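Enquirer: I'd like to ask you about the structure that follows.
2 protein chains.
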Amino acid sequence: MQVSETSEKRSLRDRTRLAMRDEVSTIATRLFAEQGCTNTTVEQIAAEAGLSRTTFFRYFGTKEDVVLTWIEDLGPQLVEAFVARPTTETPWHSLRRSFDVLLQINADAPQKALDFERMLEANPTMRARRREKQHEWEKLLRPVVATRLTGDVPADQDPRPRVLVASAVECWNAALDTWRRCDAAVSREVLLDRAMDTLSA
Amino acid sequence: MQVSETSEKRSLRDRTRLAMRDEVSTIATRLFAEQGCTNTTVEQIAAEAGLSRTTFFRYFGTKEDVVLTWIEDLGPQLVEAFVARPTTETPWHSLRRSFDVLLQINADAPQKALDFERMLEANPTMRARRREKQHEWEKLLRPVVATRLTGDVPADQDPRPRVLVASAVECWNAALDTWRRCDAAVSREVLLDRAMDTLSA
DNA sequence: CCCGAAGTGATACTGAGTACCAGACTGGCA
DNA sequence: TGCCAGTCTGGTACTCAGTATCACTTCGGG
């Protein structure tokens, strides 16, 4: 009883926290779109969201994080998707299938995804931060990809897991980038296939 | 006569400027190694190099640039190396051969290269900046790689040049990273081959 | 000898990110 | 009911990167 009560409280707190994050994130996204990322200060975001600058930095490590934290959460999902693939597949193909997780995001609201990409495109710092988040994906994926590789080279002299994962992520980014550049004239799925087929052939 | 005099002056100035850059860069490298990048302020570097903070930022756009600017200069060299390769080669193999340019750097002073990698490893900001510099390589390489590809897909819907170039750079980074992790037990060349062979097979 | 261009340094400013402290809220316990 | 401890919050002050501005010097050319 106490335990469940405590856990309910916990989840309540977490839910409040998540709701807060979402709200601030929405406001920040709007401000970034309206006046550009660099022209928007943390002060301003905090003011509009009704919290202090101090509290803002308790919720988000950096100014950019306010619109990028959700990317971190995808790492475990990608790992889960990868390990669920049959081991008979090539690691590359399993990675491709894992990325279906990414394709599902905003699949029903492409305009939202497009706006997001356009925002990133306008700001080098933002792009760099995203790449850092994706780097966390890579750190999680590497070990599970490694279990699917064979060879007589010692693990600490084997660049293959790193290469496969990093290149796959770059394929994803290339697909997204091309998608933005052609104004979503071709689906992300087709572009991702084109991208990843480039290296498997 | 006037022209040559002017151009000599120019080159003199440029040489002074380059010498200055080198000197400041050397000092900064030492400081970064001694006390870490984040613990070293621009103020400190400028003081030791005998110039003002203002002038420092005239020479280097950011604090990290002081030890990373040389990376930018490699872009044109990579392009030159690529276009010099026979068009009968696969683009991937031509990229591999272009990276011989990178392998030649500090080939005779591996310890220096190793120290550099270790410095980068300790600092996420530094790594991100390097990736940005390498992104400039990619922008230069993409068009020349594109000329070596055939296909019926419109150029603005074709992620292949992006994918090839970005993945090749990631292979280079994976090779460097593995090289550092195994304390240079295997040569960068072998590791780069292993990395790039992972994707061509 | 003067003139203009380029390089330099001092000062001041913005804004991100950090550290610290003090008050408010809450849930548990006597 | 009243107290206690942990957590959340806001305020203040600080460091430091990066930018803008202005005044001073240097130096080559007319």
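Line by line, the protein sequences are chains X and B.
Quick note: the first sequence, position 154, residue 154 per full-length UniProt numbering, numbers continuous.
Quick note: the second sequence, position 65, residue 65 per full-length UniProt numbering, numbers continuous.
C-beta: ideal position from N, C-alpha, C; glycine also.
Since the structure is predicted, the reported quantities are computational estimates derived from the model, not experimental observations.
According to the neighbour-count rule (16 or more other Cβ atoms, all chains shown, within 10 Å of its Cβ), is A46(X) buried or exposed?
Expert: On the first sequence, residue 46(X) is found 46 positions in, with the first residue counted as 1. A46(X) is buried by the Cβ-count criterion.
Enquirer: How many Å lie between R30(X) and Y59(B) at the Cα?
Expert: For the purposes of this step, residue 30(X) is taken as residue 30 along the first sequence, with counting starting at 1. For the purposes of this step, residue 59(B) is taken as residue 59 along the second sequence, with counting starting at 1. About 37 angstroms.
Enquirer: Cα separation between R129(B) and F32(B)?
Expert: For the purposes of this step, residue 129(B) is taken as residue 129 along the second sequence, with counting starting at 1. For the purposes of this step, residue 32(B) is taken as residue 32 along the second sequence, with counting starting at 1. Taking the straight line from one Cα to the other gives about 15 angstroms.
Enquirer: Helix or strand or just coil, what does DSSP make of D158(B)?
Expert: The sequence position of residue 158(B) within the second sequence is 158, counting from 1. DSSP places D158(B) in coil when its eight states are reduced to three.
Enquirer: If you draw a straight line from the alpha carbon of K133(X) to that of Q77(B), how long is it in whole angstroms?
Expert: For the purposes of this step, residue 133(X) is taken as the residue at position 133 of the first sequence. For the purposes of this step, residue 77(B) is taken as the residue at position 77 of the second sequence. So the two alpha carbons sit approximately 31 angstroms from each other.
Enquirer: Quick check on S25(X): does DSSP put it in helix, strand or coil?
Expert: Position 25 of the first sequence, counted from the first residue, corresponds to residue 25(X). Three-state result, S25(X): helix.
Enquirer: Would you report the Cα separation of Q157(B) and D22(B), rounded to the nearest angstrom?
Expert: Indexing the second sequence from 1 puts residue 157(B) at position 157. Indexing the second sequence from 1 puts residue 22(B) at position 22. Approximately 43 angstroms, taken between the alpha carbons.
Enquirer: Do you know whose CA, among E43(B), R160(B) and N106(B), lies nearest T54(B)'s CA?
Expert: In the second sequence, residue 54(B) corresponds to position 54, counting from 1. Of the candidates E43(B), R160(B) and N106(B), the one whose C-alpha sits nearest the C-alpha of T54(B) is E43(B).
Enquirer: Rounded to the nearest angstrom, what separates S7(X) and F82(X) at their Cα positions?
Expert: Position 7 of the first sequence, counted from the first residue, corresponds to residue 7(X). Position 82 of the first sequence, counted from the first residue, corresponds to residue 82(X). In this predicted model, S7(X) has a pLDDT of only 41, less than 50, meaning its place in the structure is not dependable enough to derive any value.
Enquirer: What's the gap between the Cα of M1(B) and the Cα of T40(X)?
Expert: Residue 1(B) sits at position 1 when you count from the first residue of the second sequence. Residue 40(X) sits at position 40 when you count from the first residue of the first sequence. Here the model assigns M1(B) a pLDDT of 34, short of 50, so the residue's position is not dependable, and the following value carries that caveat. Their Cα atoms are separated by approximately 54 angstroms.
Enquirer: Answer yes or no: do L110(B) and A184(B) have a C-beta to C-beta separation smaller than 8 angstroms?
Expert: In the second sequence, residue 110(B) corresponds to position 110, counting from 1. In the second sequence, residue 184(B) corresponds to position 184, counting from 1. Residue identity check: residue 110(B) is Pro in the sequence provided, not Leu. Yes; because the gap between Cβ atoms is below 8 angstroms, this pair is in contact.
Enquirer: Can you find the residues in the same chain that come closer than 6 angstroms, C-beta to C-beta, to A28(X), ignoring five residues on each side of it along the sequence?
Expert: Locating residue 28(X) in the first sequence gives position 28, where the first residue counts as 1. Taking A28(X) as the centre and dropping the five residues before and after it, the same chain places the C-beta of I45, V66 and V67 closer than 6 angstroms to its C-beta, in chain order.
Enquirer: For R85(X), which three-state DSSP category applies?
Expert: As a working mapping, residue 85(X) is identified with position 85 in the first sequence. Note: R85(X) maps to coil in three-state DSSP.
Enquirer: Within the same chain, show all residues whose beta-carbon is closer than 6 angstroms to that of L95(X), passing over the 5 residues directly before and after it, in chain order.
Expert: Taking the first residue of the first sequence as position 1, residue 95(X) is located at position 95. A168, listed in sequence order.
Enquirer: State yes or no: is the beta carbon of Q157(X) nearer than 8 angstroms to at least one beta carbon in chain B?
Expert: For the purposes of this step, residue 157(X) is taken as residue 157 along the first sequence, with counting starting at 1. By this cut-off, Q157(X) is an interface position.
Enquirer: Excluding the five sequence neighbours on either side, which residues of its own chain have a C-beta within less than 6 angstroms of the C-beta of K9(X), listed in chain order?
Expert: As a first step, residue 9(X) is located in the first sequence; it is residue number 9 there, counting from the start. Bear in mind that a pLDDT of 42 at K9(X), under 50, signals an unreliable position, so the number given afterwards is only what the model happens to contain. Short of 6 angstroms from the beta carbon of K9(X), and not among the five residues preceding or following it, lies no beta carbon of its own chain.
Enquirer: Residues of the region 77 to 97 of chain X in Cβ contact with chain B at a cutoff of 9 angstroms, in chain order, please.
Expert: W92
Enquirer: 8 angstroms is my cut-off, CB to CB: does E43(X) come that close to chain B?
Expert: Along the first sequence, one-based indexing puts residue 43(X) at 43. Not an interface residue.
Enquirer: Which residue marks the beginning of the alpha helix (DSSP H) containing I45(B), and which one marks its end?
Expert: Taking the first residue of the second sequence as 1, we reach residue 45(B) at position 45. Note, I45(B): alpha helix (DSSP H), V42 to A49.
Enquirer: Who are the Cβ neighbours of T87(X) in its own chain at under 8 angstroms, not counting the five residues just before and after it?
Expert: Locating residue 87(X) in the first sequence gives position 87, counting from the first residue. The answer, listed in chain order, is R148.
Enquirer: Under 8 angstroms Cβ-Cβ, which residues of chain B neighbour P124(X)?
Expert: As a first step, residue 124(X) is located in the first sequence; it is residue number 124 there, counting from the start. Within 8 angstroms Cβ-Cβ: E132.
Enquirer: Check each candidate in M119(X), S187(X), V145(X) and G50(X) and name the one with the smallest Cα separation from residue 208(X).
Expert: Nothing can be reported for residue 208(X), as the shown portion of chain X is limited to 1 through 201.
Enquirer: May I ask you to list, following chain order, the residues of the UniProt domain "HTH tetR-type" (18 to 78) of chain B that have a beta carbon less than 7 angstroms from some beta carbon of chain X?
Expert: none
Enquirer: Thinking just about the alpha-carbon of each residue, which of S98(B), I71(B) and A166(B) is nearest to the one in M196(X)?
Expert: Start at 1 with the first residue of the first sequence, and residue 196(X) comes out as number 196. Ranking the options by Cα distance to M196(X), first place goes to A166(B).
Enquirer: Kindly list, in the order they appear in chain X, the residues whose Cβ is closer than 7 angstroms to that of T147(B).
Expert: Mapped onto the second sequence, residue 147(B) falls at position 147. What T147(B) touches in chain X: nothing, since even the nearest Cβ is about 16 angstroms away.
Enquirer: What's the call for P154(X), buried or exposed, on a 16-neighbour Cβ count within 10 Å?
Expert: The residue labelled residue 154(X) in the question sits at position 154 within the first sequence. With fewer than 16 other Cβ atoms within 10 Å, it is exposed.
Enquirer: Compare the beta carbon distance of W70(B) and L164(B) with 8 angstroms and say whether it is the shorter of the two.
Expert: The sequence position of residue 70(B) within the second sequence is 70, counting from 1. The sequence position of residue 164(B) within the second sequence is 164, counting from 1. No, Cβ-Cβ distance for W70(B) and L164(B) is not below 8 angstroms.
Enquirer: Quick one: what's got a C-beta closer than 8 angstroms to E48(X)'s C-beta in the same chain, skipping five residues either side?
Expert: Position 48 of the first sequence holds residue 48(X). Cβ within range, chain order: I27 and L31.
Enquirer: Could you give the DSSP three-state label for S187(X): helix, strand or coil?
Expert: The residue you call residue 187(X) lines up with position 187 of the first sequence. Three-state DSSP puts S187(X) in coil, outside helix and strand.
Enquirer: My output table needs one value for L164(X): the three-state DSSP class, helix, strand or coil.
Expert: Here residue 164(X) refers to the residue found at position 164 of the first sequence. In this structure, L164(X) counts as helix in the three-state DSSP scheme.
Enquirer: Please say whether G61(X) and W137(X) have beta carbons closer to each other than 8 angstroms?
Expert: By 1-based counting over the first sequence, the position of residue 137(X) is 137. By 1-based counting over the first sequence, the position of residue 61(X) is 61. Inclusion of W137(X) and G61(X) in the CB contact set at 8 angstroms is not warranted, their separation being larger than that value.
Enquirer: Examine chain X for any beta-carbon lying closer than 8 angstroms to the beta-carbon of R160(B), and answer yes or no.
Expert: As a first step, residue 160(B) must be located in the second sequence, where it is residue number 160. Closer than 8 angstroms to some Cβ of chain X, the Cβ of R160(B) qualifies, so yes.
Enquirer: For R85(B), which residues from the same chain have a beta carbon less than 6 angstroms from its beta carbon, with the 5 sequence-adjacent residues on both sides left out?
Expert: Position 85 of the second sequence, counted from the first residue, corresponds to residue 85(B). Cβ neighbours of R85(B) beyond the five flanking positions: S94 and R97.
Enquirer: By the DSSP assignment, the alpha helix (DSSP H) with residue 202(B) in it spans what residues?
Expert: Since the first residue of chain B shown is 1 and the last is 201, residue 202(B) is not available in this structure.
Enquirer: Using a Cβ cut-off of 8 angstroms (strictly closer), state whether V163(B) contacts chain X.
Expert: Within the second sequence, the letter at position 163 stands for residue 163(B). For V163(B), the answer is yes, since a Cβ of chain X falls inside 8 angstroms of its Cβ.
Enquirer: Within its chain, find whatever has a CB closer than 6 angstroms to the CB of C171(B); leave out the 5 residues flanking it on each side and keep chain order.
Expert: By one-based count along the second sequence, residue 171(B) stands at place 171. So the list reads A195 and M196, once near-sequence residues are dropped.
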